[in-house]
Amino acid sequence: MFAPRIGRTNRGPGRNAVRHAGNPCADGAVQSVRHLAAPLTHRLRSHAPTLNSSRGRTVFDQSPEAMEKALENLTKDANEKLERYAEMRQQIAAMRSTAQSADGNVSVTVAPGGAITDITLSERALRQSAAQLSASLMSTISAASADVSRRMAATVAPLAPAGMDVEALVNSRLPAPPPEAQEGRR
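In this note's numbering, the protein residues as written are 201 to 386.
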């Protein structure tokens, strides 16, 4: 068993001491913890959420019971956010968008991040010139990528910080959909 001797035991009963074999003197242990925790407590107070009061008190200015309740609330909120993030990640991982060219000869499915998961070409598409097929593929890929990006932004938006318009941010970085591409979703 680890039995440290902390501090000086000759400064009087209970001062900065663990007496022997893990039996702390209650007063000494409390004083030692307070001394060690003071810098951390000061740092936490400066970043602590304030309570709804006109005096601007923080949760650390309250009783131990109030601090415990505040910690429970913070933990509960953090766990709820983690659950929502996990659900959001699953939704995004399963998200796909399919776009079809204006003539219907090319169909492309894209996952978030622009990963192409499927390309379907009709027999007529294979009879097109290389330049026509290339242009049709590029415009269809662009349309599917833009659609999946917009859908992903709409999924993430509810969890974004207040005042952050994720959808507007994503839309500002996407090209306008080409007029010949018709967007579809799978």
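Each residue gets a CB set at the ideal place from its N, CA and C atoms; glycine is no exception.
Exposure label - residue i; buried when at least 16 CB within 10 Å
i: R284; result: exposed
i: M364; result: exposed
i: T309; result: buried
i: N305; result: buried
i: S334; result: exposed
i: A469; result: The question about residue 469 has no answer, for the chain in this structure spans 201 to 386.
i: S263; result: exposed
i: S336; result: buried
i: A315; result: exposed
i: A362; result: exposed
Nearest residue (CA-CA) to residue i, options the options
i: A346; options: A311, G304 and V356; result: A311
i: Q290; options: L369, R373 and M352; result: M352
i: D318; options: A330, S297 and E272; result: S297
i: S301; options: T275, K276, Q332 and S372; result: Q332
Own chain partners of residue i with C-beta closer than 6 angstroms, once the 5 adjacent residues on each side are dropped
i: S342; result: none
i: T320; result: S307
Cβ-Cβ separation, residue j to residue i (assumed contact under 8 angstroms), whole Å
i: T340; j: A299; result: 5 angstroms
i: M295; j: V348; result: 6 angstroms
Close Cβ partners of residue i (< 8 angstroms) along its chain, the five nearest in sequence each way excluded
i: L369; result: A353
i: M288; result: T355, V356 and L359
i: A286; result: none
Chain-order list of residues whose beta-carbon lies under 7 angstroms from that of residue i (same chain, five-residue window excluded)
i: L271; result: none
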